[in-house]
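Please read the structure below before turning to the comments.
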Amino acid sequence: MNKTELIDRIAEAAGISKIAAKKALDGTTDAIKEALVKGEKVQLIGFGTFSVSERAAREGINPSTKEKIKIEAKKVAKFKAGAELADALK
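So for the sequence shown, full-length UniProt numbering puts the first residue at 1; every next one is plus one.
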């Protein structure tokens, strides 16, 4: 499913216009992104938790040249499914 299809489903399920659904989705994703940038967790009970994890710097290997390369440390977004979502997927 892409963003347009998700907007269509939100509009239908909530009985609102596609424009309102797009604003709601954009607002939601922006709020989640802003919280993660600040290092906060976002917990949606029954759905899951978005959080930030730090990956340490490490050494890797370039597969084409077999040369060792340094991979910089970085922060990555994580999502852990909540119990209700996990049960729905069984």
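From the three backbone atoms N, C-alpha and C, an ideal C-beta is built for every residue, glycine too.
1) Just reading off the alpha helix (DSSP H) that Gly46 is part of, what are its end residues?
2) Report the rounded CA-to-CA distance for Ala13 versus Val37, giving the unit in angstroms.
3) Would the beta-carbon of Arg55 fall within 9 angstroms of that of Lys75?
4) Please report how far the alpha carbon of Phe47 lies from the alpha carbon of Glu84, in whole angstroms.
5) Who are the near neighbours of Ile45 in its chain, counting only those whose CB is closer than 7 angstroms to its CB and skipping five residues on each side?
6) Which residue comes first and which comes last in the alpha helix (DSSP H) that contains Glu72?
In this structure, then:
1) Segment: none, Gly46 is in no alpha helix (DSSP H) and carries neither H nor E.
2) Ala13 and Val37 have their C-alpha atoms roughly 30 angstroms apart.
3) yes
4) 6 angstroms
5) Gly82
6) Here Glu72 belongs to no alpha helix (DSSP H), and DSSP marks it neither H nor E.
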